[in-house]
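Q: As you go down the protein sequences, you meet chains A and B in turn. According to my numbering, the first sequence holds residues 1 to 255 in order. According to my numbering, the second sequence holds residues 1001 to 1278 in order. The C-beta atom is built at its ideal place from N, Cα and C for all residues, glycine as well. None of the values given here were measured: they were computed from a predicted structure. Here it is, the structure, as structure tokens.
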Amino acid sequence: MTIAAAVKRIIEPALWFAGLLLLWEVLVWAFEIRTFILPAPSQFLVRIYDDFDRLLLQGAITTKLIIYGFVAGALPGVVLGYLIARFPLCERLIYPLVVFVQGLPKITLAPLLLVWFGFSDFPKILLTSLITFFPVLVDSVAGFKSVDYRHYYLSRSTGASWWQTFRLFELPSAAPNIFSGLKITIVIAVTVVIVVEWLNSNNGLGYVVLRAMDANDTPLIFAALVVASTIGVLLNFGVIMMERFLLPWRRRESS
Amino acid sequence: MPGVEHHAVSRRLRAGMSTSTGASIHGRGITKVFGNGPEAHHALGPIDLNVASGEFVSLIGPSGCGKSTTMLLVAGLEPATEGTIEIDGQPLTSAISEVGIVFQDHLLLEFRTAIRNVMLQQEIRGLDKRALREQADRLFAKLGLTGAEHRYPWQLSGGMRQRVSIARALVHEPSMLLMDEPFGALDAITRTQIRHDLEMLWLETKKTVLFITHSIEEAVGLSDRVLVMSGSPGTIIDEIQIDLPRPRPAHLGEYPDFARYAQRIYATFESLGIYKFK
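Right, here's the structure in full:
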């Protein structure tokens, strides 16, 4: 990719986005929409600046929960995905349960988890991990099942150990599937944490939104939303960068 | 320093590397039945299979005659239902590692560059990295792969992928090379060249080769001995000693004997009803 093309790739969407914000700004002023209903971009962008320290602190708290929940869900998802894909017994025992739980709208477990575990970070992380777990599990199963069985012939004829077979053949073969699961769930994890923070919190971005609502402080709601979506974009970008670093052979798809 | 020498040899043995040139294969009454009960499929045998140390033997036959199964059994990757197989006089009980295998599909790992696909053997077997890299470079030079070391499989042509696959099967100097229709997916021109390159490598190292093919030209062009199979269940119905000078030319028609050998295989296939010419 040339520099000109790279600049074009960044500048085009940026201009498009700036244009939309400008239109929003003009419409809000033109129709004299009250700030309480819909603030103009200038209002909530200024608000981000004014309340930067607070939003940064609360955003960091939320980000921490997202990452903990994401990791706590994704790791078991990959491990169990491997077991289900490789061992028919595990598939028979675990998969029906997985299908059942997957159909459950897990966000509705939030009140229950609060009853059980109270006002701490634990139920938030637990729920985030539960919701991260299933998509990653399903993609991991698909990934580990996609290993060409003749690669097992190859690994056995080289005398590879179980760990070598996993590390050198199975995990890299499954990695593209696993990463497509991770990229989807990291964004879902942001939503989950904020929703749970509504229910039970005295900090985090969800709590900021809730307090702003009580105070009819709509610009602050928007400010928190901008911060939350920035976190989502950055985390997603982080997963994509990790994929590019760990799976260099995949770069052909973007080139 | 004999001590050092001895140490090197024992390390090679431990790592599953051969110090001799070629293993011998002795199979008696080899039979393979897949599944059991009413769904059982009798795929192979019983066949006797004897390959001498350093011999190049081809198995030729129609699709589904059990040639590939035979290869998997010899590698110890599938257990024989009946019969015994001995490699260098040792009964085969599990997968042998003193072997290089080339499949019809190159089966390169798409996430590794050409050289790292070959060096997989070094990584898994824990062999000396520098020695193996030198050996890989030599093989790359002989196979016309120099310069392609750091390309991924998707950046290589079909012929080059199969060459990398051959390098991977040979880099650890196994005593036996098993090839399952290795050139089946290549175009005729590439096939002729790669056949010659394989023959030259074999002449140099004299590994024992079991070569599975459905091409009469490849079988006669490469082998010391051709075993003709029929299916199914697969059995060996003809055995032909190929006495042609080596290295053999691109155009085998130069030898009147080639036509004779080929004719004999065609006739066998016709008598089996594999070919129906009027």
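(1) Would you verify that the beta carbon of Ser146(A) is, or is not, closer than 7 Å to some beta carbon of chain B?
(2) Where does Glu1239(B) fall in DSSP's three states?
(3) Are Pro1233(B) and His1042(B) closer than 7 Å when you measure CB to CB?
(4) Is there a Cβ of chain A sitting closer than 7 Å to that of Pro1002(B), yes or no?
(5) For a cutoff of 7 Å on Cβ pairs, would you count Trp163(A) as touching chain B?
(6) Whole angstroms are fine: how far does the CA of Ile61(A) sit from the CA of Tyr68(A)?
(7) Rounding to the nearest angstrom, what Cα-Cα distance links Leu1272(B) and Ser1063(B) in this structure?
(8) Report the option in Gly1037(B), Gly1022(B), Leu1073(B) whose CA atom is closest to the CA atom of Val1051(B).
(9) Count the other CB atoms within 10 Å of the CB of Asn1117(B); is the residue buried (16 or more) or exposed (fewer)?
(10) Along chain A, which residues have their Cβ under 7 Å away from the Cβ of Val1164(B)?
(11) In angstroms, rounded to a whole number, what distance separates the CA positions of Ser1223(B) and Arg1246(B)?
(12) May I have the straight-line CA-CA distance separating Asp1048(B) from Ala1075(B), to the nearest angstrom?
(13) Three-state secondary structure (DSSP) at Met213(A)?
(14) Under the rule that 16 or more other beta-carbon atoms within 10 Å means buried, what is Arg244(A), buried or exposed?
(15) When you compare the CB of Ala1080(B) with every CB in chain A, is at least one pair closer than 7 Å?
(16) Take Thr1070(B) as the anchor and find which of Ile1240(B), Ala1131(B), Thr1213(B), Tyr1275(B) has the nearest alpha-carbon.
(17) Quick test of the definition: if touching needs 3 or more C-beta pairs under 8 Å, does the region 33 to 50 of chain A touch the region 208 to 228 of chain A?
(18) What do you get for Ser146(A), buried or exposed, if any count of 16 or more other CB atoms within 10 angstroms of its CB means buried?
(19) Gly1089(B) lies in the beta strand (DSSP E); which residues open and close that run?
(20) I'd like to know if Ser1068(B) contacts chain A, where contact means its C-beta is closer than 7 Å to some C-beta of that chain.
(21) Could you give the residue range of the alpha helix (DSSP H) that holds His151(A)?
(22) State yes or no: is the beta carbon of Ala88(A) nearer than 7 Å to at least one beta carbon in chain B?
(23) Can you tell me whether Met1160(B) is helix, strand or coil according to DSSP?
(24) Less than 7 Å between the C-beta atoms of Ile1236(B) and Val1226(B), yes or no?
(25) For Thr35(A), would you say it is in contact with chain B, using Cβ-to-Cβ distances shorter than 7 Å as the test?
(26) Any beta carbon of chain B sitting closer than 7 Å to that of Gly181(A)?
(27) Val190(A) and Ile107(A): beta carbons closer than 7 Å?
(28) List the residues of chain A that Ala1095(B) touches, going by C-beta distances under 7 Å, in chain order.
(29) Taking the beta carbon of Ser157(A) as the centre, do at least 16 other beta carbons fall within 10 Å, making it buried, or is it exposed?
(30) Could you tell me which whole alpha helix (DSSP H) segments of length 4 or greater appear in the region 185 to 230 of chain A?
(31) Which residue marks the beginning of the alpha helix (DSSP H) containing Pro111(A), and which one marks its end?
(32) Would Ala223(A) pass as an interface residue toward chain B - the criterion being a Cβ-Cβ separation below 7 Å?
(33) When the Cβ atoms of the region 106 to 121 of chain A are set against those of the region 74 to 89 of chain A, are three or more pairs found closer than 8 Å?
(34) Looking only at its own chain, which residues have a Cβ that is under 8 Å from the Cβ of Val101(A), when we skip the five neighbours before and after it?
(35) I think Lys1206(B) touches Gly1054(B), with their Cβ atoms under 8 Å apart; what is that distance to the nearest whole Å?
(36) Please report the straight-line C-alpha distance between Leu1177(B) and Val1102(B), rounded to a whole angstrom.
A: If we stick to the structure as given:
(1) By this cut-off, Ser146(A) is not an interface position.
(2) strand
(3) yes
(4) The predicted model places Pro1002(B) with a pLDDT of 41, which falls under 50 and marks its position as unreliable, so this point remains unresolved.
(5) no
(6) 11 Å
(7) 13 Å
(8) If you compare the alpha carbons of Gly1037(B), Gly1022(B), Leu1073(B) with that of Val1051(B), the shortest gap goes to Gly1022(B).
(9) buried
(10) Simply none; closest approach about 13 Å.
(11) 10 Å
(12) 16 Å
(13) helix
(14) exposed
(15) no
(16) Thr1213(B)
(17) yes
(18) Residue environment: Ser146(A) is assigned as exposed (fewer than 16 neighbouring CB atoms within 10 Å of its CB, all protein chains considered).
(19) No beta strand (DSSP E) contains Gly1089(B), which DSSP labels as neither H nor E.
(20) no
(21) 149 to 157
(22) Residue identity check: residue 88(A) is Pro in the sequence provided, not Ala. Not an interface residue.
(23) helix
(24) no
(25) No, Thr35(A) does not count as interfacial toward chain B.
(26) no
(27) no
(28) Arg156, Ser157
(29) Ser157(A) comes out buried.
(30) 205 to 214
(31) Per DSSP, Pro111(A) belongs to the alpha helix (DSSP H) from 110 to 117.
(32) Not one chain B Cβ lies under 7 Å of Ala223(A).
(33) no
(34) Phe134
(35) 4 Å
(36) The alpha-carbon atoms of Leu1177(B) and Val1102(B) are separated by roughly 8 Å.
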